[in-house]
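**Student:** Shown below is the structure under consideration.
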Amino acid sequence: MNTIIFRTISPVLVALTLLFSVFVTLRGHNEPGGGFIGGLIAVSAFALYGLSHGVPTVRHAMRFHPMEIAGFGLFLAGASGMLSIVFGVPFLTGLWVFPTIFGVEVALSTPMFFDIGVYFVVTGSITSIALALEAREGGV
Amino acid sequence: MNPKDIIDIAADVTMMMLSFALLLVVVRIVRGPTLPDRIVALDLLVGVVIGFIATIGLKAEIFQYLDIAIALGLVGFLATVAFARFVMTRGRAGDAATTLPDSGPDSAYSGEVRR
Chain A
10 MNTIIFRTIS
20 PVLVALTLLF
30 SVFVTLRGHN
40 EPGGGFIGGL
50 IAVSAFALYG
60 LSHGVPTVRH
70 AMRFHPMEIA
80 GFGLFLAGAS
90 GMLSIVFGVP
100 FLTGLWVFPT
110 IFGVEVALST
120 PMFFDIGVYF
130 VVTGSITSIA
140 LALEAREGGV
Chain B
70 MNPKDIIDIA
80 ADVTMMMLSF
90 ALLLVVVRIV
100 RGPTLPDRIV
110 ALDLLVGVVI
120 GFIATIGLKA
130 EIFQYLDIAI
140 ALGLVGFLAT
150 VAFARFVMTR
160 GRAGDAATTL
170 PDSGPDSAYS
180 GEVRR
């Protein structure tokens with residue numbers, strides 16, 4: 010769609026939506042949120058960018074094919090479960106470390122990496138569907 | 070009268086006004102002579118719902134509701150844009166002009182179908 014208002018405002022909204030999706034994903038461990046809903050919010054950002062600037066621009070901006078992103082997410086989610094082999098506990102057991110980075114105690118855990126993996130799987134697969142549908146309709 | 074009472078009364082008044090606005094939105098969606106009227110009414114519906122969520126969150130002191138309001142604001146805009154694009158490309162999508170204001174039951178399927 011070639012309206013100048015929409016084309017001007019949409020990159021700002023896309024950046025804001027992607028930031029919000031990361032926020033929702035990382036907060037998901039203790040409060041409402043999580044990888045799935047964060048991924049869906051990210052997909053809505055990519056779909057909005059595709060509506061305003063066209064599908065080829067989105068594919069170029071993502072750098073990787075959406076299905077590659079989905080595959081990476083699946084690998085990350087699986088690897089976070091496989092880590093329990095090393096510690097001799099059942100598959101997908103939550104493992105926690107609390108390193109101190111720059112004087113702040115950071116809680117890192119395998120559930121968080123599993124959630125990030127879910128985020129990438131949802132983002133990649135649903136973005137793939139959305140871009141395919143938008144491209145079929147004839148682009149901008 | 071402490072601040073909590075003021076916020077409670079303000080939230081009640083706001084909910085009444087939003088309910089009235091919701092009623093008017095429904096009237097516009099049902100009556101709305103053209104498709105763009107209905108799309109703008111649906112966009113307004115999202116806005117009214119955002120107001121509802123924020124008011125309920127303030128009244129119940131559950132501030133996670135505000136995040137739902139943010140997400141709904143971002144996604145509702147996308148829905149409106151998608152509807153607008155649907156209106157723009159409808160001529161090329163090949164469906165008959167059934168909901169245009171000047172199309173009676175006679176002309177409903179007489180429009181030429183382009184693809």
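For the record, the sequence lines run as chains A and B.
In terms of my numbering, the first sequence opens at residue 10 and continues consecutively.
In terms of my numbering, the second sequence opens at residue 70 and continues consecutively.
For glycine and all other residues, C-beta sits at the position ideal for the given N, C-alpha and C.
Predicted model, so just to flag it, every value in this text is computed and none were measured.
#1: With 16 other CB atoms within 10 Å as the buried threshold, where does G126 (chain A) fall?
#2: Which one of A:T12, A:H74, A:I46 has the shortest CA to CA distance from L60 (chain A)?
#3: Run through chain A and tell me which residues come within less than 9 Å of V156 (chain B), C-beta to C-beta.
#4: Would you check if there are 3 or more beta carbon pairs closer than 8 Å linking the region 136–143 of chain A to the region 106–118 of chain A?
#5: Less than 9 Å between the C-beta atoms of S53 (chain A) and L147 (chain B), yes or no?
#6: Going by beta-carbon coordinates alone, are Y3 (chain A) and T26 (chain A) separated by less than 9 Å?
#7: I want to know whether the region 75–83 of chain A touches the region 73–92 of chain B - three or more CB-CB distances under 8 Å.
#8: List the residues that DSSP assigns as beta-bridge partners of E114 (chain A).
#9: Starting from the C-beta of E143 (chain A), find all residues in its chain whose C-beta is less than 8 Å away, skip the five residues before and the five after it, and write them out in chain order.
#10: Of all the CB atoms in chain A, is at least one closer than 9 Å to the CB of F146 (chain B)?
#11: Do L135 (chain B) and A123 (chain B) come within 9 Å of each other at the CB atom, strictly closer than that value?
#12: Give every residue of the same chain whose Cβ lies closer than 7 Å to the Cβ of F45 (chain A), excluding the five residues on either side of it in the sequence, and list them in chain order.
#13: Between the alpha carbons of S19 (chain A) and H69 (chain A), how many angstroms are there, rounded?
#14: What first and last residue would you give for the alpha helix (DSSP H) that runs through L91 (chain B)?
**Tutor:** Here's the rundown:
#1: buried
#2: A:T12
#3: Ordered by position in chain A, no residue passes the 9 Å Cβ test against V156 (chain B), which lies about 10 Å from the chain.
#4: no
#5: yes
#6: Outside the modelled stretch of chain A, which goes from 10 to 149, sits residue 3 (chain A), for which no answer is possible.
#7: no
#8: A:T109
#9: A56, G59, L60, V64
#10: yes
#11: yes
#12: V127, V131
#13: 17 Å
#14: 72–100
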